[in-house]
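With UniProt numbering, the residue at position 350 of the sequence shown is 350, and numbering never jumps. The C-beta atom is built at its ideal place from N, Cα and C for all residues, glycine as well. The structure displayed is predicted, hence computed values, not measured ones.
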Amino acid sequence: MDRPAPWRDPRFWRPLGPAIANPPAMEMLRASVGTGLALILCFGLMSQLFPLSGGRAASIFLVAPLAATAFLAFAVPSSPLAQPWSAVVGNTVSALIGVALVLVLGPTWLALGLSVTLSMMAMMRLRALHPPAAGVALGTVLAADVVREIGFSYAFVPVFMESCLLLACAAIYNRVTGRRFPFRQPVAHAPQIEGKVGLRPALDGAALEAILQRLQLDANIGAGDLERLIAAAHHEAATHLFDGVACRELMTRQVVALRPETPLSDVASIFNEHRVRTLPVTDASGMFLGLLGESDLLRYWRRIEQQPADRGVLSRLIRAGQQAAVPMARDAMVPAVATAGADTPLGTLIDLLAEGGQQGIPVLEGGRLTGFVTRADLIAALARAHHPEWG
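So, in structure tokens, the structure goes:
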């Protein structure tokens, strides 16, 4: 039996189709308008700052590959190839290489080929990969008549200065229109607040960069965006881990809460009375202020004991006043903690408790405490999920 021709299979043509999703209309408009405005502003400003006689300004300042630099900075501002170091260093070094080849070899076919080869090698060595910079090197050789008269200054005015102006415009425009530029770098773990994504990966920036280098993807995506992708994927998986089970179904509604003015001397007895290890702190109206646990109490007293001895009459008087004051819950509580809402999925709650040192998750509605989920509540929910007869 004859095998069908491979081109009859739709999968044969799929790699030739679009590789990215169709961007929203507003995003297309945002990037296109920003790129055009930035180029007009930069070319006009450079012509005014450095006027040249004989109508030669346009031929010098209209460095065509810099339009591709603007495209990257406005359309794909998260790409490592669009970042300031890559763009400025890549364009400038490539222009310097092009000028050197013009002065040594002239506008020959050898100079044209070497300009791209040497600029790519330099960009890789300097970790400044920027595709438009190869066009800068080639364009410099093609503009040999002008470049030969200006010399190496061409690499700084207009290439370096124009690159800086374009990127400054991109930074301002992207921030105003809701995009981040320059590139996001991985950040240290911080407590998760209500509405934020849980499940941050336990990998630092160096580990993420090593993964990208091993997969040869470091020129396509940066470590910061990889961290965000991992976190989003884990969050999505956690959301569907126990579909249909939300926080409201397992949270404790009758919550024992501390007041910020509760003396720390009473907190331990409250823990013992209710057999808990952590309690929320709220004001008189029920607004959530923070969490106070046994470990927080220990840290507070250890910090007090480890204070250095006071020197001088004034410092001793201040220390005596502090010791005379009764320490309260507000002094030892942790205000920035992970919180949840009534609709938060069970999978997300598991991640929030697993990734931090919290013993419980406050459930808030408009900042007001409406419930509390402890690790014991999660264990009970998991047990019921595996053994419905226990419910």
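Test: residue i CB closer than 8 Å to a CB of chain D
{"i": "P107", "result": "Of the chains in the structure shown, none is chain D; there is only one protein chain."}
Nearest-angstrom Cα separation, counted from residue j out to residue i
{"i": "R30", "j": "T177", "result": "7 Å"}
{"i": "E227", "j": "L208", "result": "7 Å"}
{"i": "I193", "j": "T339", "result": "Only weak support exists for where I193 lies, its pLDDT of 41 falling under 50; the coordinates are left without a value."}
{"i": "P260", "j": "R175", "result": "39 Å"}
{"i": "M123", "j": "L353", "result": "45 Å"}
{"i": "Q48", "j": "F61", "result": "11 Å"}
{"i": "P345", "j": "L229", "result": "20 Å"}
{"i": "S94", "j": "S119", "result": "5 Å"}
{"i": "A5", "j": "M26", "result": "42 Å"}
{"i": "A82", "j": "W109", "result": "29 Å"}
{"i": "D9", "j": "P18", "result": "17 Å"}
{"i": "L297", "j": "V334", "result": "10 Å"}
{"i": "L105", "j": "L45", "result": "33 Å"}
{"i": "G151", "j": "V99", "result": "7 Å"}
{"i": "L103", "j": "L165", "result": "28 Å"}
{"i": "L254", "j": "A246", "result": "Checking the sequence shown, residue 254 turns out to be Gln, not Leu. Computed Cα separation, rounded: 18 Å."}
{"i": "P158", "j": "G135", "result": "15 Å"}
{"i": "W301", "j": "T262", "result": "16 Å"}
{"i": "E294", "j": "S269", "result": "11 Å"}
{"i": "residue 457", "j": "G360", "result": "An answer regarding residue 457 cannot be provided, because it is not within the stretch 1 to 391 covered by the chain."}
{"i": "D145", "j": "S153", "result": "14 Å"}
{"i": "A210", "j": "R125", "result": "17 Å"}
{"i": "A231", "j": "A21", "result": "21 Å"}
Cβ neighbour criterion (16 or more within 10 Å) applied to residue i
{"i": "E149", "result": "exposed"}
{"i": "T140", "result": "buried"}
{"i": "G198", "result": "Confidence at G198 is low in this model, with a pLDDT of 43, below 50, so its placement is unreliable and no value can be given for it."}
{"i": "H274", "result": "exposed"}
{"i": "G34", "result": "buried"}
{"i": "D377", "result": "buried"}
{"i": "L258", "result": "buried"}
{"i": "G54", "result": "Because G54 sits at a pLDDT of 48, beneath the cut-off of 50, its placement in the model cannot be relied upon, and the point is left open."}
{"i": "G367", "result": "exposed"}
{"i": "D351", "result": "buried"}
{"i": "V313", "result": "Low per-residue confidence applies at V313: pLDDT is 47, beneath 50, and the placement is therefore not dependable, though the value from the model is reported in the following sentence. Exposed, by the Cβ-count rule."}
{"i": "G113", "result": "exposed"}
{"i": "P362", "result": "buried"}
{"i": "A111", "result": "buried"}
{"i": "S32", "result": "exposed"}
{"i": "L349", "result": "buried"}
{"i": "L289", "result": "buried"}
{"i": "R11", "result": "exposed"}
Three-state secondary structure (DSSP) of residue i
{"i": "V363", "result": "strand"}
{"i": "residue 398", "result": "This structure cannot speak to residue 398, because the chain is shown only from 1 to 391."}
{"i": "M26", "result": "helix"}
{"i": "V373", "result": "strand"}
{"i": "L279", "result": "strand"}
{"i": "M328", "result": "strand"}
{"i": "A320", "result": "Unreliable positioning characterises A320 in this predicted model, as indicated by a pLDDT of 48, which lies under 50. The coordinate reading is nonetheless provided below. Correct three-state label for A320: helix."}
{"i": "R14", "result": "helix"}
{"i": "T348", "result": "helix"}
{"i": "L258", "result": "strand"}
{"i": "P80", "result": "helix"}
{"i": "P263", "result": "strand"}
{"i": "T252", "result": "strand"}
{"i": "L199", "result": "Here the model assigns L199 a pLDDT of 42, short of 50, so the residue's position is not dependable, and the following value carries that caveat. Of the three classes helix, strand and coil, the one that applies to L199 here is coil, per DSSP."}
{"i": "G178", "result": "coil"}
Proximity winner among the options, relative to residue i (alpha-carbon distances)
{"i": "V337", "options": "F156, L364 and P23", "result": "L364"}
{"i": "V116", "options": "N22, A137, L72 and P280", "result": "A137"}
{"i": "V281", "options": "R248, A332 and R253", "result": "A332"}
{"i": "L264", "options": "A87, P6 and L279", "result": "L279"}
{"i": "L167", "options": "L289, N91, P10 and M120", "result": "N91"}
{"i": "residue 408", "options": "G113, P335, R299 and T370", "result": "Missing from the structure shown is residue 408; the chain here goes from 1 to 391 and no further."}
{"i": "A133", "options": "T348, L66, G36 and T108", "result": "L66"}
{"i": "F156", "options": "V63, L142 and F71", "result": "V63"}
{"i": "L37", "options": "P327, C169 and L101", "result": "C169"}
{"i": "L72", "options": "V147, A144, S163 and G106", "result": "S163"}
{"i": "M28", "options": "W7, F74, G366 and A70", "result": "F74"}
{"i": "F160", "options": "D266, C42 and G347", "result": "C42"}
{"i": "F271", "options": "A284, D283, V256 and S285", "result": "V256"}
{"i": "M121", "options": "I97, A111 and L16", "result": "I97"}
{"i": "I304", "options": "L289, P327 and T348", "result": "P327"}
{"i": "V147", "options": "I172, G347, L101 and I211", "result": "L101"}
{"i": "L142", "options": "Y173, P107 and I172", "result": "P107"}
Cβ distance (whole Å) where residue i is taken to contact residue j below 8 Å
{"i": "L291", "j": "Q213", "result": "Incorrect: roughly 40 Å between the Cβ atoms, too far for contact."}
{"i": "P182", "j": "P84", "result": "5 Å"}
{"i": "V373", "j": "M287", "result": "19 Å between Cβ atoms; not a contact."}
{"i": "A128", "j": "V76", "result": "Not a contact, Cβ separation roughly 17 Å."}
{"i": "V276", "j": "A329", "result": "Not really, about 14 Å apart at Cβ, beyond 8 Å."}
{"i": "A68", "j": "P23", "result": "Their Cβ separation, rounded to whole angstroms, is 18 Å, which puts A68 and P23 out of contact at 8 Å."}
{"i": "A70", "j": "L39", "result": "6 Å"}
Any non-hydrogen atom of the ligand COA within 7 Å of residue i CB
{"i": "L250", "result": "For the structure depicted, the ligand COA is absent and the ligand set is empty, with no information on it obtainable."}
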